[in-house]
Amino acid sequence: MTKKITFLGIETSCDETAAAIIRENDKDTADVLSNIVSSQISEHRKFGGVVPELAARAHLENIEYVIKAALKESKISLNKIDGIAATAGPGLIVCLTVGLNIGKSIAAFSKKPFVAVNHLEGHALSPGLEYNIQFPYLLLLISGGHSQFLIVKDINRYEQLGTTIDDALGEAFDKTAKMLDLGYPGGPSVEKASKLGDKNFFKLPEPIINKAGCNLSFAGLKTAVLRESKKINGNNELKFNLAASFQNTINKILYKKTSIAIEMFKKKINTSDINLVVAGGVAANISIRENLKKLSKEKGFKIVYPDIKFCGDNAAMIAWAGIQRFKKNLSNKIDIEAKSRWPLDKDAPFMKGPGLKL
Ligand SMILES: Nc1ncnc2c1ncn2[C@@H]1O[C@H](COP(=O)(O)OP(=O)(O)OP(=O)(O)O)[C@@H](O)[C@H]1O
Ligand SMILES: [Mg+2]
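Residue numbers (my numbering): 1 to 358.
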């Protein structure tokens, strides 16, 4: 029997301070021995979004406690751990540095391997915590900073099929929540409000729906929500109708763009066993989950969603990505630095800014 690897994972790329202890199991998935997430929601609520300096200070205040809590809950002592993984990018450098530095320090003094994890690879591999999915698979990554279709060919091997040319989907949810005065964090509050409204009341745009392959765009939709929100004047029924219409428009966009991405995947990968993984914070949205489940039935592919607790930022997915990289000899030296930008497919074209041709 081969030894089962155990890792400590640390995540501080945005507004969650998180640590987890993960061990491989006999099913080739993970035993989550602990998964501690300290959210900074209350700190950022009054500003309606993440304030980098506040986030960095909160990470500094919380990180030691969170790591100790993860070790305590797992009932594993540090000397029984095989390695340490910490998020090294992409994200806010002031935030990333907190988790990365403490991870490197623990690795140095305990003389254990260290793995610097790309936060997006954490999301991409997160379903592996619970499910044994074979490579290659199609990934729809929808989060606070990213919205992309990628082929996950293997650990460390990604091909981008499409990406947002402007806002990320999580950002569109967060801005919509702000415009509708629904509170922070935006995604869950828009989802809740959308259940109370008429989804066909407002006709909202579906940007680049009939062009640019499976690339995505949400800026025009956000502007339309801003325009319509000015007509609401405190009328709750209209507010819920606008939230529902926004959610419905997102569903229509994702349905069409995902079906294009599936066709692109089929052309590139010769397999009848197609798996679509939907990961990232926005993948917690039940309406999006149900909507894409319908598409999977229509098109005959399998759809995999990580458990809701592994959709938003967490350190379990970072520890898991760390274990996978460690097993492929992709550990790092401890002089590695944080990176604010770190695409999974480094050859993908940069799809933002003036002069972009679609
Ligand atoms: N139920 C939901 N419906 C829609 N959006 C949601 C829901 N729950 C969370 N979100 C959104 O998910 C986003 C947070 O996801 P995540 O934590 O993965 O983002 P991030 O780590 O900040 O960005 P990235 O992973 O791109 O670096 C936020 O924009 C939040 O509003
Ligand atoms: Mg994230």
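Even glycine gets a Cβ: it sits at the ideal position worked out from N, Cα and C.
- Between residue 302 and the set 126, 3, 124 and 133, the nearest pair of CA atoms involves 133.
- Burial check for residue 223: the Cβ neighbour count within 10 Å stays below 16, so the residue is exposed.
- Looking only at 227, 84, 215 and 86, the smallest Cα-Cα distance to residue 260 is reached by 215.
- Excluding the 5 residues flanking it on each side, residue 280 has same chain C-beta neighbours closer than 6 Å at 123, 141, 142 and 143, in chain order.
- Residues of the same chain with a CB within less than 8 Å of the CB of residue 117, apart from the 5 flanking positions on each side, are 9, 85, 86, 87, 88, 318, 321, 322 and 325 in chain order.
- Comparing alpha carbon positions, the residue from 129, 199, 78 and 128 closest to residue 110 is 78.
- The way I'd put it, the segment 158-175 doesn't touch the segment 293-312; fewer than three beta-carbon pairs between them come closer than 8 Å.
- A straight line joining the alpha-carbon of residue 160 with that of residue 33 spans about 33 Å.
- Residue range 236-268 is occupied by the alpha helix (DSSP H) that includes residue 247.
- Between residue 70 and residue 106, the C-beta gap is not smaller than 8 Å, which leaves the two residues out of contact.
- If you check the C-beta of residue 95 against ligand 1, you find no heavy atom less than 7 Å away.
- For residue 48, the Cβ stays outside the 7 Å cut-off from all heavy atoms of ligand 2.
- Contact check for residue 137 and residue 275: beta-carbon distance about 4 Å, within the 8 Å limit, so the pair qualifies.
- Cα atoms of residue 171 and residue 2: separation of roughly 43 Å, rounded to the nearest angstrom.
- Secondary structure of residue 193 (DSSP, three-state): helix.
- Short of 7 Å from the beta carbon of residue 251, and not among the five residues preceding or following it, lie these beta carbons of its own chain, in chain order: 287, 288 and 291.
- Between ligand 2 and the CB of residue 144, the shortest heavy atom gap is smaller than 7 Å.
- In the DSSP annotation of this structure, the continuous segment of the beta strand (DSSP E) that includes residue 24 starts and ends at 16-24.
- If you look at residue 159, you'll find it in the beta strand (DSSP E) that goes 157-163.
- The criterion of a C-beta distance shorter than 8 Å is satisfied by residue 7 and residue 81.
- Here the alpha carbons of residue 98 and residue 342 stand approximately 18 Å from one another.
- Here DSSP, grouped into helix, strand and coil, assigns residue 152 to strand.
- Exclusion of the five residues before and after residue 179 leaves 225, 226 and 229 as the residues of its chain whose Cβ lies within less than 7 Å of its Cβ.
- The beta carbons of residue 184 and residue 177 sit closer together than 8 Å.
- When only Cα atoms are considered, residue 333 and residue 114 end up about 7 Å apart.
- Distance from residue 11 to residue 38 at the Cβ level is roughly 10 Å; contact not present, criterion being Cβ atoms closer than 8 Å.
- Residues of the same chain with a CB within less than 6 Å of the CB of residue 191, apart from the 5 flanking positions on each side, are 285 in chain order.
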